[in-house]
RNA sequence: CGGGGCGUAGCGCAGUUGGUAGCGCGCAGCGUUCGGGACGCUGAGGUCGGAGGUUCAAGUCCUCUCGCCCCGACCA
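Residue numbers (my numbering): 64 to 648.
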């Protein structure tokens, strides 16, 4: 490709709307262009990268036994009613009506379509296992598109669906996919961490995410460096320490003789203390000896949530515990309307309200808790002596510094980009679509499903987030839009232009992908563009190098250049590139 | 949806008490340059996001509206 003819120009300054590194660099390099919030065009450079990523994914899916097919974007809304998932997807599901006033959905994912399809074609265990995949556009009306390609409303995704006869088969398919995913990320030069994840709107029981750890990521990962435990913060568990009981009462007689050292409930004045820290300070106890009350609306129902005062509520865990789809904090006036005193609310004596508690409230005793009266708290509140809860679950947010549930090591937190997500769906979708098969006993059983997704654009952006310097992108050879940047300087000087032209032809004949900077620009412009675009190998020729019958070769990620003789250049280049590919894998 | 910010040339920005729009980059032409974003001259490019209002006069003031970005609740 001749640079002078390339569509999409490089920019010195990034457009103001771009904030994340990948967004800025991809815009500046002329690889993508924005059309609307979360909607992008791929320009020729960016599209070449995307297609290379796509091919790597396709190769690995095929190698794992996947069969590629193509499912429709336009889907009958009835499929979504049948699965029931139009509820969990909510407003993220784009819908439209056709000329006959029939509602159609724009596919945010394809479990419905493929399960409907498989149910019509698969009847016997002999046809299982089955791995079907596609690479195509998904549409989701995300509440907030973000960070360029990292979170968009229209995106290309590889989605594979596994169909197995039983759980053991699903485990096998799941492992096969995890391995294929690891191969893909390795070939893209992308270090990833596999973390336990919440399955969200997709549903299912077990799921893992593949995370690229980087500052710009929007996910948070909790991990333990001693035992290797890692989970999305939405899912992460931790060891809740049992707090040692500090007797808070000055009544010595009540602190003796009790099996669990439970003291009697006592109302105390705590004027002006609303926040947990203020209350704890005022009473003189650690926050872990207080109880925190938080209020939510879950699918329209008012919920009273209690955790130990040192812990925060994990809304994903809470949502799962409540099995609700819509969850939001209640406003202060809603709290008051529920008959509670915001800041001094108490589970003691509360009536007609659903109470959910984190199981940490059983690890400790004699807690300080609101008295539901302005300016007053109780001390020595104990569950279940003083109050009841409707639901007890783990709904606490893991935080860095907490202890690992498995090994007691210290947990750490890192930001990451979710570049892949695999789910063990089980049978809840196949059952709704009647996707069953006859086993070898002639018994009808639901097909056990899994699904496995990779967002290609996000993957592309993740590579940039993770592989760049202040000059621009550094593409791994496997996905670079071109392998070689041919960069002649002083084109009007004798021999430069014709030699460059000749090299350009020879390299192409050798099957090397070349971006030929045939522009009559100064060296600085050319070098800066070469770096910005991130082409792995730069070949510079100038009167200076031609004097010694050579050209200069420089790797994008290295500082030093080497001189290569003009003679047999294409063959040498081919060798260089092949060696680099080998070194990478 | 809640909170914050921004819409003026392709990109980055300026525009004073309201007086009819400018700078840098980029783009076109000519010339001089040529190993890390060179320089000179000439030139093209604007419904000032949109609608309504106030005014002799609106990029500037008022009202409404649309779009985009960032922080939160959602996801590949």
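The beta carbon of each residue, even a glycine, is placed where N, CA and C say it ideally should be.
Just so it is clear, the structure is predicted and the values come from calculations on it, not from any experiment.
Mind checking who residue i pairs with in its DSSP beta bridge?
i           : result
residue 508 : 500
residue 618 : 600
residue 105 : 95
residue 272 : 258 and 484
residue 421 : 456
residue 577 : 547
residue 168 : 138 and 158
residue 282 : 479
Helix, strand or coil: which one does DSSP assign to residue i?
i           : result
residue 655 : Absent from the model: residue 655. The displayed extent of the chain is 64 to 648, so no value can be given.
residue 535 : strand
residue 514 : strand
residue 365 : strand
residue 313 : At residue 313, the pLDDT of 47 sits below 50, so the modelled position is not reliable; the number obtained from the coordinates is stated separately. Coil, per DSSP.
residue 71  : coil
residue 442 : strand
residue 199 : strand
residue 294 : strand
residue 176 : helix
residue 491 : helix
residue 66  : helix
residue 349 : coil
residue 371 : strand
residue 326 : coil
residue 594 : helix
residue 219 : strand
residue 131 : strand
residue 263 : helix
residue 582 : coil
residue 568 : helix
residue 426 : coil
residue 232 : helix
residue 153 : helix
residue 463 : coil
According to the neighbour-count rule (16 or more other Cβ atoms, all chains shown, within 10 Å of its Cβ), is residue i buried or exposed?
i           : result
residue 186 : exposed
residue 381 : buried
residue 580 : buried
residue 175 : buried
residue 321 : Legend: pLDDT at residue 321 = 44, less than 50; position of this residue unreliable, no value from coordinates given.
residue 295 : buried
residue 179 : buried
residue 529 : buried
residue 159 : exposed
residue 369 : buried
residue 351 : buried
residue 215 : buried
residue 124 : buried
residue 426 : exposed
residue 520 : buried
What does the alpha-carbon distance come out to for the pair residue i and residue j?
i           : j           : result
residue 194 : residue 513 : 9 Å
residue 534 : residue 201 : 33 Å
residue 560 : residue 587 : 18 Å
residue 273 : residue 87  : 24 Å
residue 255 : residue 275 : 5 Å
residue 326 : residue 454 : 25 Å
residue 146 : residue 161 : 22 Å
residue 631 : residue 111 : 28 Å
residue 317 : residue 447 : In this prediction, residue 317 has a pLDDT of 47, which is less than 50 and means its spatial position is unreliable; what the coordinates show is noted afterwards. Roughly 18 Å separates the two Cα atoms.
residue 264 : residue 531 : 34 Å
residue 618 : residue 515 : 35 Å
residue 247 : residue 494 : 32 Å
residue 189 : residue 74  : 57 Å
residue 511 : residue 191 : 10 Å
residue 606 : residue 627 : 15 Å
residue 358 : residue 398 : 7 Å
residue 468 : residue 290 : 10 Å
* Asked: How about the region 168-180 and the region 227-235: do they share at least three Cβ pairs that are nearer than 8 Å?
  -> no
* Please confirm if the region 131-145 is in contact with the region 268-287, defined as three or more CB-CB distances below 8 Å between the two stretches. => no
* To do: Indicate whether the contact test is met: 3 or more Cβ pairs, each with one atom in the region 287-305 and one in the region 411-420, closer than 8 Å.
  => no
* Can we say the region 327-335 touches the region 426-446, given the rule of at least three CB pairs closer than 8 Å? -> yes
* Taking three-plus beta-carbon pairs below 8 Å as touching, is the region 66-74 in contact with the region 90-104? -> yes
* Just checking, does the region 471-489 make contact with the region 372-391 on the three C-beta pairs under 8 Å criterion? -> no
* **Three CB pairs or more closer than 8 Å across the region 599-619 and the region 549-567** => yes
* Counting Cβ pairs closer than 8 Å, one from the region 206-225 and one from the region 235-243, do we hit at least three? -> yes
* Asked: When the Cβ atoms of the region 454-470 are set against those of the region 364-378, are three or more pairs found closer than 8 Å?
  -> yes
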